[in-house]
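**Q**
Protein chains in written order, with this note's numbering: chain A, 1 to 458; chain B, 459 to 916.
1) Where are the alpha helix (DSSP H) runs, 4 residues long or more, that stay fully inside the segment 228-295 of chain A, in chain order?
2) Which partner residues does residue 768 of chain B have in the DSSP bridge list?
3) Name the two residues that bound the continuous alpha helix (DSSP H) containing residue 438 of chain A.
4) So which residues on chain A does residue 662 of chain B lean against when the C-beta distance must stay under 8 Å?
5) Nearest CA to the CA of residue 308 of chain A: which residue from B:756, B:786, B:753, B:747?
6) Starting from the Cα of residue 424 of chain B, find the closest Cα among B:733, B:554, B:762, B:871 and give me that residue.
7) Let me confirm a value: residue 915 of chain B is counted as buried when at least 16 other C-beta atoms fall within 10 Å, else exposed. Which label applies?
8) CB-CB under 7 Å to residue 699 of chain B, same chain, minus the five flanking residues each way: which ones, in chain order?
9) Can you find a C-beta in chain B that's less than 9 Å from the C-beta of residue 328 of chain A?
10) Just the chain A side, please: which residues come within less than 7 Å of residue 698 of chain B by C-beta, in chain order?
11) Relative to the C-alpha of residue 350 of chain A, which residue among A:208, A:305, A:98, A:81 is closest?
12) On the DSSP letters alone, give me the boundaries of the alpha helix (DSSP H) that residue 29 of chain A sits inside.
13) List, in order along the chain, the chain B residues whose C-beta lies closer than 8 Å to that of residue 216 of chain A?
14) Please determine, among A:443, A:362, A:211, the residue with the shortest C-alpha to C-alpha distance to residue 20 of chain A.
15) Are the segment 36-52 of chain A and the segment 88-100 of chain A touching, with three or more C-beta to C-beta distances below 8 Å?
16) Pull up the DSSP beta-bridge partners for residue 826 of chain B, would you.
17) Quick one: complete alpha helix (DSSP H) runs, 4+ long, within the segment 532-619 of chain B?
18) So residue 163 of chain A contacts chain D; which residues on that side make the cut at Cβ distance below 7 Å?
19) What number of angstroms, rounded off, separates the C-alpha of residue 421 of chain A from the C-alpha of residue 385 of chain A?
20) In angstroms with no decimal places, state the Cα-to-Cα distance between residue 157 of chain A and residue 65 of chain A.
21) Among residues of its own chain, excluding the 5 on either side of residue 417 of chain B, which ones have a beta-carbon nearer than 8 Å to its beta-carbon?
22) Around the C-beta of residue 802 of chain B, are 16 or more other C-beta atoms found within 10 angstroms, so that it is buried, or is it exposed?
23) What residues in the segment 404-438 of chain A bring their beta carbon closer than 8 Å to a beta carbon of chain B?
24) What number of angstroms, rounded off, separates the C-alpha of residue 475 of chain B from the C-alpha of residue 631 of chain B?
25) Using a C-beta to C-beta distance shorter than 8 Å, which residues of chain A count as neighbours of residue 820 of chain B?
26) Residues of chain B with a CB under 9 Å from the CB of residue 401 of chain A: which are they?
27) Please determine, among A:152, A:140, A:52, the residue with the shortest C-alpha to C-alpha distance to residue 168 of chain A.
28) Look at the alpha carbon of residue 359 of chain A and the alpha carbon of residue 448 of chain A, and state the distance between them as a whole number of angstroms.
29) For residue 502 of chain B, which of helix, strand or coil comes out of DSSP?
30) Counting only Cβ pairs nearer than 9 Å, list the residues of chain B close to residue 285 of chain A.
31) If contacts are defined as beta-carbon pairs under 8 Å, then residue 557 of chain B and residue 530 of chain B qualify, I think. What distance do you get, rounded to the angstrom?
32) Return the residue from the list B:592, B:582, B:555 that minimises the CA-CA distance to residue 517 of chain B.
33) Note down, in chain order, all residues in the segment 337-354 of chain A with a beta-carbon under 7 Å from any beta-carbon belonging to chain B.
34) Would you identify the three-state DSSP class for residue 363 of chain A, choosing helix, strand or coil?
35) Compare the C-beta of residue 476 of chain B with all C-beta atoms of chain A and state if any pair is closer than 9 Å.
36) Got a sec: is the Cβ-Cβ distance from residue 233 of chain A to anything in chain B below 9 Å?
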């Protein structure tokens with residue numbers, strides 16, 4: 001870092017410190033505005049608020065309409081030779097119910113015990129607003145930014161981001177950048193920040209088997225009509241072995257190994273496995289024994305039964321042959337499995353083993369990964385370390401699924417997932433919260449990141 | 459038959475004909491008295507009515523208390539050298555709901571289109587009262603009976619006959635007889651009466667598997683915790699093959715083949731299989747192809763999934779690893795499988811293949827059979843043929859389960875199941891009904907049976 005940019009950052013961080021009350025007050029304004037996308041409550045009003053705050057932070061902004069809720073977009077041109085960062089976030093929130101479980105009302109932000117309580121404070125308003133506060137500090141302190149800045153907030157993330165892929169593909173030029181940076185989700189640890197360099201993808205399918213036209217007496221008809229619960233049981237047994245291996249032809253074909261730097265990061269991960277499993281009532285890992293704890297969510301796909309419903313589910317006994325059986329399954333995918341391709345392989349498998357079973361595709365999401373060899377990895381790592389004052393836990397691939405592939409595949413840029421929220425943020429739950437210190441550390445991290453990026457190419 | 463007994467029967471049948479209006483009126487009295495055993499409504503009052511009618515028919519009667527609803531018992535000593543018949547029936551009925559589905563109120567018997575409509579008219583009041591009407595005709599016409607007569611009506615059949623086994627075992631002397639005769643259930647055909655010489659037994663179990671202490675996010679936890687739906691799927695696949703064979707060790711050990719006369723009866727059975735399957739929306743029999751239609755319910759046991767419940771059963775997708783999975787199964791048993799022994803074999807199988815799965819036994823019933831070689835077979839067959847004016851359909855073993863083994867095993871006597879109700883009696887359903895002509899044919903059949911039995915030993 002040059003002495004000028006070091007001085008700039010020092011001034012910016014001082015401003016961040018000075019601005020804490022104002023930043024908190026502005027976040028409260030954002031939190032007081034409901035923006036429940038699935039219920040279409042207050043979403044456009046919230047988009048307007050975000051747009052105004054972005055403008056105040058020094059970006060040229062606009063709302064971009066989609067067939068759903070609008071995108072809020074802002075940008076600032078890159079100084080000559082400097083890279084451009086795209087911040088991504090979402091301004092919509094989950095519904096707040098059950099209301100009676102909240103200690104303070106969900107849209108009346110309240111501070112208790114060093115935490116802000118409000119719907120959306122962790123997921124995602126408090127996190128993307130940390131970027132805005134950092135940008136504002138840079139702009140007010142230095143009159144500009146040391147790098148190009150783009151900012152995109154969507155209003156449909158809690159609906160499953162139905163338009164993000166279409167939007168990114170149609171706006172590759174507008175969104176082009178050198179890296180994408182997202183603060184969302186909870187940190188994995190209490191004591192250290194997290195960086196995830198990718199996510200698993202997913203395919204969701206429903207399988208339906210039918211037998212007779214209605215439930216039948218199992219005595220009178222037992223042996224005479226097919227039982228759809230057996231049809232699905234036998235089909236499922238051909239898809240996934242008791243030894244924990246997925247048996248669908250070609251399922252593993254496109255898996256690419258985690259890169260050497262990713263492997264090294266995996267090997268640095270530490271966890272009290274017994275305690276973690278015990279926290280959810282489990283004593284030992286399921287088959288296969290040979291798979292290490294972290295390889296299970298980072299390197300391996302899954303074949304999960306999310307629901308199996310057939311016949312009688314009441315108390316006591318009922319002697320029927322069910323007319324129908326339904327199984328819901330999700331398959332978590334790792335790079336570079338493609339959900340469309342995997343769906344075709346599942347369909348082919350079902351056609352082979354149980355011709356009459358109906359397959360209902362219920363969505364998919366691509367896996368995504370940014371290799372840890374990427375040149376921005378040390379930059380992001382250093383900023384997070386400095387912002388939070390602790391070495392980050394780095395995971396090559398997070399177990400869950402996000403539409404991160406729009407950045408790594410459709411935009412073709414590295415993407416970094418850096419959650420600012422505490423592990424117990426209670427996102428999607430009552431009493432959602434954000435530790436105040438995490439909010440300020442997030443602002444610092446985003447501010448430092450701009451400086452580090454500026455000097456990364458010097 | 460001697461000329462005296464032939465004259466007696468002729469007089470008795472003439473009396474049956476003359477008595478039709480009175481018999482119908484008495485049946486209406488019985489039907490107007492609710493006797494819902496599961497709800498304890500009117501059961502004892504109904505027992506009193508039955509006792510009075512039996513007395514009027516010439517039997518010495520009494521109520522015998524149990525820890526549930528009382529048994530109604532009556533008898534008349536056998537004339538020297540004559541055999542004794544035990545009639546069995548039940549005076550309790552199913553609950554009548556849904557009430558709004560009845561065209562006429564369930565406890566206000568009504569005749570429409572040649573049928574009596576009332577709760578319990580088929581199941582079982584109209585059927586066991588046919589015996590009483592026949593007995594009364596004999597007693598009023600001849601001053602007695604040509605054979606020994608015992609009559610037992612229980613008031614808990616619709617609760618699953620929880621005390622019948624205990625009662626029979628404790629009263630072997632009281633109930634001893636030469637044959638047991640039951641008119642219950644619907645006939646198999648519209649045009650011909652039915653005789654069943656036995657029933658399949660049953661074992662009912664619930665299997666429960668648990669994983670984590672609550673449903674978990676399938677992305678964050680996929681691969682890390684056991685999925686109990688998979689546990690049960692894999693367990694089930696070891697119990698029953700896609701080829702339709704039960705794979706539990708020793709399950710088939712105690713099966714005894716249907717006797718030659720039973721086989722001959724099986725071979726006489728006729729059915730439009732395609733039409734029967736099509737009536738329940740099925741195109742072809744399930745595996746194994748080698749099993750004939752009738753062997754499936756007469757000679758073969760079953761392994762049926764009556765319910766499979768785990769995880770998400772709502773609309774759309776939910777990405778969870780279920781915390782629990784529950785399967786309910788019934789196994790239909792053929793002679794001479796023992797439900798206790800089969801339960802032990804199921805338990806051993808589960809212990810071997812899925813040690814942690816909980817097995818909850820939910821009742822069993824022994825199979826029962828009377829060989830078609832029995833000396834009373836031609837007697838019963840001839841009576842039924844004469845009473846209904848058509849050759850009976852004879853099935854060695856009925857597919858469903860009844861506590862018939864109390865007669866064949868505990869009492870050690872042959873047992874004959876001769877339904878008098880029409881195929882579409884709608885037992886257990888709204889608008890339960892009995893075709894009037896079946897009621898009268900049943901009275902004739904029971905009356906003729908006494909005469910045939912008396913001469914069978916001459």
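Positions of the beta carbon are idealized from the N, C-alpha and C atoms, including for glycine.
**A** Considering the structure as presented:
1) 228-239, 260-268, 273-278
2) Stepping through the second chain from its first residue, residue 768 of chain B is reached at position 310. Note: residue 768 of chain B sits in a beta bridge opposite A:308, B:783.
3) Numbered from 1 along the first chain, position 438 holds the residue referred to as residue 438 of chain A. Per DSSP, residue 438 of chain A belongs to the alpha helix (DSSP H) from 436-456.
4) Here residue 662 of chain B refers to the residue found at position 204 when the second chain is read from its first residue. Near residue 662 of chain B (Cβ distances below 8 Å), the residues of chain A are 317, 319.
5) In the first chain, the residue the question calls residue 308 of chain A occupies position 308. Residue 308 of chain A has its Cα closest to that of B:786, out of B:756, B:786, B:753, B:747.
6) As displayed, chain B neither begins before 459 nor continues past 916, which places residue 424 of chain B out of reach and without an answer.
7) Numbered from its first residue, the second chain carries residue 915 of chain B at position 457. Its Cβ having fewer than 16 others within 10 Å, residue 915 of chain B is exposed.
8) Reading the second chain from its first residue, position 241 is the one you call residue 699 of chain B. Hits under 7 Å: 705.
9) As a working mapping, residue 328 of chain A is identified with position 328 in the first chain. Yes, residue 328 of chain A counts as interfacial toward chain B.
10) For the purposes of this step, residue 698 of chain B is taken as residue 240 along the second chain, with counting starting at 1. Within chain A, the residues near residue 698 of chain B are 230.
11) Residue numbering aside, residue 350 of chain A sits at position 350 when the first chain is read from its first letter. The shortest Cα separation from residue 350 of chain A among A:208, A:305, A:98, A:81 belongs to A:208.
12) For the purposes of this step, residue 29 of chain A is identified with residue 29 of the first chain, where counting begins at 1. Looking at the DSSP string, the run of the alpha helix (DSSP H) that includes residue 29 of chain A is 20-32.
13) Here the question's residue 216 of chain A lines up with position 216 in the first chain. Per Cβ cutoff of 8 Å: 738.
14) As a first step, residue 20 of chain A is located in the first chain; it is residue number 20 there, counting from the start. Selected option, being the one with the closest Cα: A:443.
15) yes
16) Here residue 826 of chain B refers to the residue found at position 368 when the second chain is read from its first residue. Per DSSP, B:657.
17) 584-600
18) Absent from the structure: chain D. Protein chains present are A and B.
19) Counted from its first residue, the first chain places residue 421 of chain A at position 421. Counted from its first residue, the first chain places residue 385 of chain A at position 385. About 15 Å.
20) Here residue 157 of chain A is taken as the residue at index 157 of the first chain, counted from 1. Here residue 65 of chain A is taken as the residue at index 65 of the first chain, counted from 1. The alpha-carbon atoms of residue 157 of chain A and residue 65 of chain A are separated by roughly 15 Å.
21) Missing from the structure shown is residue 417 of chain B; chain B here goes from 459 to 916 and no further.
22) Position 344 of the second chain holds residue 802 of chain B. Answer is exposed; the Cβ neighbour count stays below 16.
23) none
24) For this step, residue 475 of chain B is matched to residue 17 along the second chain. For this step, residue 631 of chain B is matched to residue 173 along the second chain. Between residue 475 of chain B and residue 631 of chain B, the C-alpha separation is close to 36 Å.
25) Indexing the second chain from 1 puts residue 820 of chain B at position 362. Going along chain A in sequence order, the residues near residue 820 of chain B (Cβ under 8 Å) are 316, 317.
26) The count along the first chain starts at 1 and reaches residue 401 of chain A at position 401. Within chain B, the residues near residue 401 of chain A are 677, 777.
27) The sequence position of residue 168 of chain A within the first chain is 168, counting from 1. Minimum Cα distance to residue 168 of chain A is reached at A:152.
28) As a first step, residue 359 of chain A is located in the first chain; it is residue number 359 there, counting from the start. As a first step, residue 448 of chain A is located in the first chain; it is residue number 448 there, counting from the start. Approximately 49 Å, taken between the alpha carbons.
29) Working through the second chain from its first residue, we reach residue 502 of chain B at position 44. Correct three-state label for residue 502 of chain B: helix.
30) As a working note, residue 285 of chain A is residue 285 in the first chain. Simply 681, 682, 683, 684.
31) If you number the second chain from 1, residue 557 of chain B lands on position 99. If you number the second chain from 1, residue 530 of chain B lands on position 72. Actually they are not in contact, since the Cβ atoms of residue 557 of chain B and residue 530 of chain B sit about 28 Å apart, beyond 8 Å.
32) Along the second chain, one-based indexing puts residue 517 of chain B at 59. Looking at the Cα atoms, B:592 is the closest of the given residues.
33) none
34) The residue you call residue 363 of chain A lines up with position 363 of the first chain. Of the three classes helix, strand and coil, the one that applies to residue 363 of chain A here is strand, per DSSP.
35) Position 18 of the second chain, counting from 1, holds the residue named residue 476 of chain B. No, residue 476 of chain B lies away from the interface with chain A (no Cβ there is under 9 Å from its Cβ).
36) As a position in the first chain, residue 233 of chain A is number 233, starting the count at 1. True, the Cβ-Cβ gap to chain B drops below 9 Å.
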